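Numbering (full-length UniProt numbering), first residue to last: 1 to 262.
Where a beta carbon is used, it is the ideal one built from N, C-alpha and C, also for glycine.
Model, not experiment: these values are computed from the prediction.
This is the structure:
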């Protein structure tokens, strides 16, 4: 019993140093100050810490996080609601217009055009709407929120590091869950898998070339096997599952990609 008490006492400083999560806006400012220490230890620099200090509790993000109805639809309804037929039709045109671009990505990363085009269409309608929420505020709000704070904390730190390196600013807009750019990368993934495909010295997820190369890089690093199938039961379907956790989303991407590639 004494040994247990000693172990418990030793663990108290670690617990005390962790920023406490919350379910309302009331503790957000206090949490930010605590989280700044954690971010600094993780390597976030001055610009990133300033962005954290300026972030605001995103009520629309919390509302969206509590109301993700579309992922509960049947596959048929999900594909109808998300405009699968339109994505396929437009996707085929995009591939036909720029075949060399997609062929180059497949040569480098092994990911077929259809998969990248389906993700691009599903996420932002091919860049037509990349979100209207401030990325840093959205992702820090989710890191603070108790529902999934452990999942979002690395992405919040990623967002602050993206500010440090100049890829985003406090004004950068993305989706309500903090996803950014043409294919809606979560910031932690953007930091890890981002590719400067244009060669301008900056990874820009709002540039289609960088965004699609980064998406292909993500899939390859997650285990994409060039030349292998990506439908359910085939080797690469498991990699599509790494992009989004919702089964209807995963199935839709595979189905649309096959129709675009066909």
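Residue 248 versus residue 77: straight-line alpha-carbon distance, rounded: The sequence position of residue 248 within the chain shown is 248, counting from 1. The sequence position of residue 77 within the chain shown is 77, counting from 1. Their backbone Cα atoms lie some 10 angstroms apart in a straight line.
Where residue 185 sits in the DSSP three-state scheme: Indexing the chain shown from 1 puts residue 185 at position 185. Strand at residue 185.
DSSP state of residue 145 mapped onto helix, strand, coil: Position 145 of the chain shown, counted from the start, is the residue given in the question as residue 145. Strand at residue 145.
Beta-carbon contacts of residue 222 that lie in its chain and below 6 angstroms, excluding the five residues immediately before and after: Locating residue 222 in the chain shown gives position 222, counting from the first residue. The answer, listed in chain order, is 239 and 242.
Status (buried if at least 16 other CB within 10 Å, exposed otherwise) for residue 3: Counted from its first residue, the chain shown places residue 3 at position 3. Any reading at residue 3 must be qualified, since the residue scores a pLDDT of 45, below 50, and its modelled position is unreliable; the value itself is stated next. Answer is exposed; the Cβ neighbour count stays below 16.
Boundaries (first-last residue) of the alpha helix (DSSP H) holding residue 239: Along the chain shown, one-based indexing puts residue 239 at 239. Taken as a continuous stretch (DSSP letters only), the alpha helix (DSSP H) holding residue 239 covers 237-243.
Chain-order list of residues whose beta-carbon lies under 7 angstroms from that of residue 259 (same chain, five-residue window excluded): Indexing the chain shown from 1 puts residue 259 at position 259. 88, listed in sequence order.
Buried or exposed by the 16-neighbour rule on C-beta atoms within 10 Å, applied to residue 72: The residue labelled residue 72 in the question sits at position 72 within the chain shown. With fewer than 16 other Cβ atoms within 10 Å, it is exposed.
Cβ contact (3+ pairs, closer than 8 angstroms) linking the region 140-156 and the region 90-104: no
Bridge-paired residues (DSSP) for residue 180: As a working mapping, residue 180 is identified with position 180 in the chain shown. The partner list for residue 180 (beta bridge, DSSP) reads 185.
Residue 59 to residue 116 span [Cα, whole Å]: Residue 59 sits at position 59 when you count from the first residue of the chain shown. Residue 116 sits at position 116 when you count from the first residue of the chain shown. When rounded, the distance between both Cα atoms is 32 angstroms.
Cβ separation of residue 213 and residue 112, assumed to be a contact under 8 angstroms, to the nearest whole Å: In the chain shown, the residue the question calls residue 213 occupies position 213. In the chain shown, the residue the question calls residue 112 occupies position 112. Contact doesn't hold; Cβ gap of about 14 angstroms is too wide.
Cβ-based burial, residue 29 [other Cβ within 10 Å; buried from 16]: Numbered from its first residue, the chain shown carries residue 29 at position 29. Classification for residue 29: exposed.
C-beta atoms of residue 139 and residue 155 nearer than 8 angstroms: Here residue 139 is taken as the residue at index 139 of the chain shown, counted from 1. Here residue 155 is taken as the residue at index 155 of the chain shown, counted from 1. Yes. Within cutoff.
Burial state of residue 23 (16 or more Cβ within 10 Å): As a position in the chain shown, residue 23 is number 23, starting the count at 1. Label assigned to residue 23: exposed.
Cutoff 6 angstroms; reference residue 262; Cβ partners in own chain excluding five residues on either side: As a position in the chain shown, residue 262 is number 262, starting the count at 1. No residues qualify anywhere along the chain.
Pair within 8 angstroms by beta-carbon distance, residue 177 and residue 61: Along the chain shown, read from residue 1 onward, the residue named residue 177 stands at position 177. Along the chain shown, read from residue 1 onward, the residue named residue 61 stands at position 61. It is a contact, given that the beta carbons lie within the stated cut-off.
Exposure of residue 8, with buried meaning 16 or more beta-carbon neighbours within 10 Å: Position 8 of the chain shown, counted from the start, is the residue given in the question as residue 8. Reliability of the predicted coordinates at residue 8 is poor, the pLDDT of 41 falling under 50, and the value obtained from them is presented with this limitation in mind. With fewer than 16 Cβ atoms within 10 Å of its Cβ, residue 8 is classed as exposed.
Inside the region 103-177 only - alpha helix (DSSP H) runs reaching at least 4 residues: 113-124, 135-144 and 149-164
Which of helix, strand or coil DSSP assigns to residue 48: Taking the first residue of the chain shown as 1, we reach residue 48 at position 48. Three-state result, residue 48: helix.
Span of the alpha helix (DSSP H) around residue 209: On the chain shown, position 209 is the one that residue 209 refers to. Residue 209 -> alpha helix (DSSP H) spans 208-221.
Cβ-based burial, residue 99 [other Cβ within 10 Å; buried from 16]: Residue numbering aside, residue 99 sits at position 99 when the chain shown is read from its first letter. That one is exposed.
Proximity below 8 angstroms, CB of residue 264 to CB of residue 183: This structure does not reach residue 264, given that the chain is present from 1 up to 262, and the question cannot be answered.
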